[in-house]
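Chemist:
Residue numbers (UniProt numbering), protein chains in the order written: chain A, 1 to 346; chain B, 1 to 216.
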């Protein structure tokens, strides 16, 4: 018996090859996670094109051949670099720049042959868990759609390699979306080292606590987010308290996958540009900006509608050019350096 | 949906949780029940998801508030908080993967550690449309369910077999307990629960518990 969609009776079949995809490779019929609605409205005029070209030229100069001038430039003009990253890294240079700003390029150069060793010769207790999630990671993207295709194989290799590299973390659901996002911009080995740079904290605070037993860092971030909402958007904070909305109901995914799970792809990419350069604060800022932008609507909603709204923000709120400036304007101060989180697990 | 009634009108609000190993089909069971949808290309659930459905049970309008949880063990640090205040649970395994059935005992322990002993639990063998791949015999699961006093059903979220039945049965059993309690005069109050009141088997201080009132 073949598995098929029952609602409309259409055969789903194996990877459909002639379905139109957007410029990022997501199938166009998919609403969630599809950036189509943003790019479609923007007709790329010749001035846009010129602007983009000038931008790329500036960036190329900043980076130098293969990244040779990057460190020098960052040391000399950190504010220029930061400002340019906040405006968005040109898509054609994104993969390279991500590796430069995350410190992963250095890790790669310091550890020749290690990735290959991890992929080929080691085994991991998480292999079955990883396999089970492979087809459930960006299922609407052409690169990952084909069963056992190059996308799925790369995703498996990176996740398996990481689960061997760090057996305390192993594999945790959600890591696949991060690895998947990276694989759309770089090779397996580069993606692996970027994952290492993030989780081990090459440049910023290590992320591995998000995935350790008890998910301690998720719990800490959720707690901090709740306090920040109360402090910065008090009306909404009070409404959340009244309606018994807990941040774990809507924001776990924000932190665990750094917005790569269900946000429109162009927005996710812009967030990632800043995330890699400035660290986790941008996740809080974007989250708070979203809540702030939508607060007039949100405060009117009762519990159930509120939860729904917190998982499906309107299109205009998700426009990077509106949301990110708002996010940058939010000052996030962590007063809670050390948070006592009750961690329970069997 | 209940006829002409407005969305928010109901006699009872019951909180249910869906638990079980990763990939057994929890999210698709939920979407089949609440939206009559099945998604072959669904993503793994990260954290918790939520949906509701209002339905008629023994002449009463019951709203089911259902929490769907991530299946991977490490996520229990977050998801177990959602067990509190639940009056019903669907413990789901995949009939084609015996290991997911073996883990049911652990899920049950975990659930019972966080909930009232009166919670209505149904064991569900999902993906029963994959007949040629069945690895868990119906008798085996039935025996386990009897031993643990669980209700039991085999379902397919894909072809919709028994999905409605399973949820309705759980809601009916909860309703039976609730109405029997009020008839017996057990508990603090002998009155029938008020309109739209949440029935929590046990009142506790859970922040996640939602006391329902007819919102408008």
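For glycine and all other residues, C-beta sits at the position ideal for the given N, C-alpha and C.
To the nearest whole angstrom, what separates the beta carbons of residue 208 (chain A) and residue 169 (chain A), a pair I think is in contact under 8 Å?
Modeler: That pair is a contact at about 6 Å.
Chemist: Quick one: Cα of residue 177 (chain A) to Cα of residue 186 (chain A), how far?
Modeler: 14 Å
Chemist: Report buried or exposed for residue 136 (chain A), applying the criterion of at least 16 other Cβ atoms within 10 angstroms of its Cβ.
Modeler: buried
Chemist: For residue 213 (chain A), which of helix, strand or coil comes out of DSSP?
Modeler: Here residue 213 (chain A) sits in coil by DSSP.
Chemist: Establish whether the CB of residue 304 (chain A) and some CB of chain B are separated by less than 8 Å.
Modeler: For residue 304 (chain A), the answer is yes, since a Cβ of chain B falls inside 8 Å of its Cβ.
Chemist: In whole angstroms, what is the alpha-carbon distance linking residue 108 (chain A) and residue 52 (chain A)?
Modeler: 30 Å
Chemist: Determine the chain B residues that contact residue 218 (chain A) at a beta-carbon separation under 9 Å, and present them in chain order.
Modeler: Within 9 Å Cβ-Cβ: 47, 77, 78.
Chemist: Taking beta-carbon pairs under 7 Å, can you tell me which members of the region 245–276 of chain A lie near chain B?
Modeler: 246, 248, 249, 252, 253, 256, 257, 261
Chemist: Compare the C-beta of residue 52 (chain B) with all C-beta atoms of chain A and state if any pair is closer than 8 Å.
Modeler: yes
Chemist: Taking the alpha carbon of residue 151 (chain B) as the reference point, which residue from B:103, B:119, B:53 has its own alpha carbon closest?
Modeler: Here the closest residue by C-alpha is B:119.
Chemist: Express the C-alpha separation of residue 91 (chain B) and residue 149 (chain B) in angstroms, rounding to a whole number.
Modeler: Straight through space, the alpha carbons of residue 91 (chain B) and residue 149 (chain B) are spaced by roughly 13 Å.
Chemist: Which runs of the alpha helix (DSSP H) fall wholly inside the region 222–259 of chain A and span at least 4 residues, in chain order?
Modeler: 234–243, 252–256
Chemist: Note down the Cα distance separating residue 61 (chain A) from residue 26 (chain A), rounded to an integer number of angstroms.
Modeler: 31 Å
Chemist: The beta strand (DSSP E) that contains residue 143 (chain A), what's its start and end?
Modeler: Careful: residue 143 (chain A) lies outside any beta strand (DSSP E), inside the alpha helix (DSSP H) at 142–145.
Chemist: With residue 14 (chain B) as the anchor, note down where its beta strand (DSSP E) starts and where it stops.
Modeler: 12–19
Chemist: Less than 8 Å between the beta carbons of residue 64 (chain A) and residue 96 (chain A), yes or no?
Modeler: no
Chemist: Which residues in the same chain as residue 85 (chain A) place their Cβ atom closer than 7 Å to its Cβ, once the five residues preceding and following it in sequence are excluded?
Modeler: Taken in chain order, the residues that qualify are 273, 274, 277.
Chemist: Output the boundary residues of the beta strand (DSSP E) element that contains residue 66 (chain B).
Modeler: 60–69
Chemist: With three or more C-beta pairs closer than 8 Å as the rule, is the region 112–131 of chain A touching the region 158–167 of chain A?
Modeler: yes
Chemist: Between which two residues does the beta strand (DSSP E) harbouring residue 49 (chain B) extend?
Modeler: Following the DSSP letters along the chain, one finds residue 49 (chain B) inside the beta strand (DSSP E) bounded by residues 48–57.
Chemist: Check the Cβ-Cβ distances between residue 215 (chain A) and every residue of chain B, and say whether any is below 8 Å.
Modeler: yes
Chemist: Determine, using beta carbons only, whether residue 248 (chain A) and residue 48 (chain B) come nearer to each other than 8 Å.
Modeler: Cβ distance < 8 Å, so residue 248 (chain A) and residue 48 (chain B) count as in contact.
Chemist: Excluding five sequence neighbours on each side, which residues of the same chain lie with their C-beta closer than 8 Å to the C-beta of residue 108 (chain B)?
Modeler: Shown here for residue 108 (chain B): same chain residues with a beta carbon closer than 8 Å to its own, the five before and five after excluded, namely 91, 121, 148, 150 in chain order.
Chemist: DSSP three-state label for residue 89 (chain B), please.
Modeler: strand
Chemist: Residues of chain A with a CB under 8 Å from the CB of residue 72 (chain B): which are they?
Modeler: Those within 8 Å of residue 72 (chain B) in chain A are 129, 172, 173.
Chemist: By the 7 Å beta-carbon criterion, what residues does the region 125–137 of chain B contribute toward chain A?
Modeler: Answer set for the region 125–137 of chain B: 129.
Chemist: Does the region 234–250 of chain A come close enough to the region 195–205 of chain A that 3 or more CB-CB pairs lie under 8 Å?
Modeler: They do not touch, by the three-pair rule.
Chemist: Can you give the Cα-Cα distance for residue 84 (chain B) and residue 257 (chain A), rounded to whole angstroms?
Modeler: 26 Å
Chemist: Residue 264 (chain A) and residue 41 (chain B) look like a contact to me (Cβ under 8 Å); what is the Cβ gap, rounded to whole Å?
Modeler: 18 Å between Cβ atoms; not a contact.
Chemist: In angstroms with no decimal places, state the Cα-to-Cα distance between residue 10 (chain B) and residue 128 (chain B).
Modeler: If you take the alpha carbons of residue 10 (chain B) and residue 128 (chain B), they lie about 33 Å apart.
Chemist: Going straight from the alpha carbon of residue 104 (chain B) to that of residue 71 (chain B), what length do you get?
Modeler: Their Cα atoms are separated by approximately 12 Å.
Chemist: Considering residue 125 (chain B), what are the terminal residues of the beta strand (DSSP E) in which it resides?
Modeler: 120–126
Chemist: Whole angstroms are fine: how far does the CA of residue 131 (chain A) sit from the CA of residue 122 (chain A)?
Modeler: 16 Å
Chemist: For chain B, find out if any of its Cβ atoms is closer than 8 Å to the Cβ of residue 137 (chain A); answer yes or no.
Modeler: yes
Chemist: Using a Cβ-Cβ distance cut-off of 8 Å, determine whether residue 133 (chain A) contacts chain B.
Modeler: yes
Chemist: Quick check: residue 286 (chain A) and residue 307 (chain A), are their CB atoms within less than 8 Å of each other?
Modeler: no
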